[in-house]
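Scroll down for the structure; my scribbles are underneath it.
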Amino acid sequence: MYSDPYIPSDNEIRIQLKRLLNSAELKGSARMSGFISYVVKKTLKGEQDDIKGYSLGIDVFNKPTDFNPDTDASVRVEASRLRKALRLYYLSAGAKDPVLIEMPKGSYRVVFSYNKAAKETPIKPLPISHGVQTPHVLSVIKQHKIAFLAGCSFVLLICVAFFSLRLFIMDIW
């Protein structure tokens with residue numbers, strides 16, 4: 049069977065799903081865990097076209113059969129919470145995980161990809177030299193001096209204009 053080298057294998061995706069389910073972001077929420085498990089398993093079976101707000105409401109959230117996702121926003125709200133949890137996970141504990149499972153906004157489908165950040169070598173920070181300011185700090189200080197001088201010049205200009213106008217008015221009367 050042909051496999052795309054840019055898309056993780058089913059086994060890699062299942063391993064990543066287990067990581068997600070054991071993460072602090074999802075472990076405490078049965079609703080989010082059930083949601084992500086459902087959409088990943090449906091996608092791996094090739095049934096991603098069956099992932100709809102109605103099917104999620106019935107199959108994952110145990111809604112009654114007369115559930116209407118247009119009037120009941122619970123699935124959309126949970127999807128939003130799940131997207132946020134996934135972002136937080138991949139910004140923290142999952143930053144170096146080899147596989148990404150993401151749910152783009154506007155859909156309940158998931159997308160699988162390799163994490164480019166996991167393959168990159170970390171950049172070593174430059175050593176800090178004490179007593180010497182970095183160019184960034186110098187530029188910030190310079191910006192503050194310029195802003196201060198501009199403010200003083202503006203105040204001086206206002207004072208000169210005020211007193212000139214006052215003298216002009218006194219000459220007229």
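Numbering (our numbering), first residue to last: 49 to 221. A virtual CB, placed ideally from N, CA and C, is assigned to each residue, including glycine. Just so you know, these numbers come straight off a predicted model, no measurement behind them.
Residues that DSSP places opposite residue i in a beta bridge
i	result
Phe160	Ile149
Short Cβ contact (8 Å threshold) for residue i with residue j
i	j	result
Leu104	Val88	no
Leu68	Tyr156	no
Thr91	Val158	yes
Ala141	Met80	no
Lys100	Arg131	no
Pro232	Phe202	Past the boundaries of the shown model lies residue 232; the chain is included only from 49 to 221, so the question cannot be answered.
Spatial neighbours of residue i in its chain, beta-carbon cut-off 8 Å, leaving aside the 5 residues before and after
i	result
Leu65	Ile84, Ser85, Val88 and Ile149
Member of the options whose CA lies at the smallest distance from the CA of residue i
i	options	result
Tyr102	Lys132, Gly94 and Asp120	Asp120
Ile106	Glu60, Gly82 and Arg129	Gly82
Glu60	Met80, Ala133 and Asp145	Asp145
Gly163	Ser128, Leu204, Asn110 and Arg135	Here residue 163 is Asn; the residue named in the question, Gly, does not match the sequence. Closest option to Asn163, Cα to Cα, is Arg135.
Same chain, Cβ closer than 7 Å to residue i, five either side skipped, listed in chain order
i	result
Ala143	Ala165
Sequence-distant residues of the same chain with beta carbon closer than 6 Å to residue i, five excluded per side
i	result
Phe211	none
field: Continuous alpha helix (DSSP H) assignments of at least 4 residues falling wholly in the stretch 66-142
entry: The stretch 66-142 contains these whole alpha helix (DSSP H) runs: 72-75, 78-92, 101-107 and 122-139.
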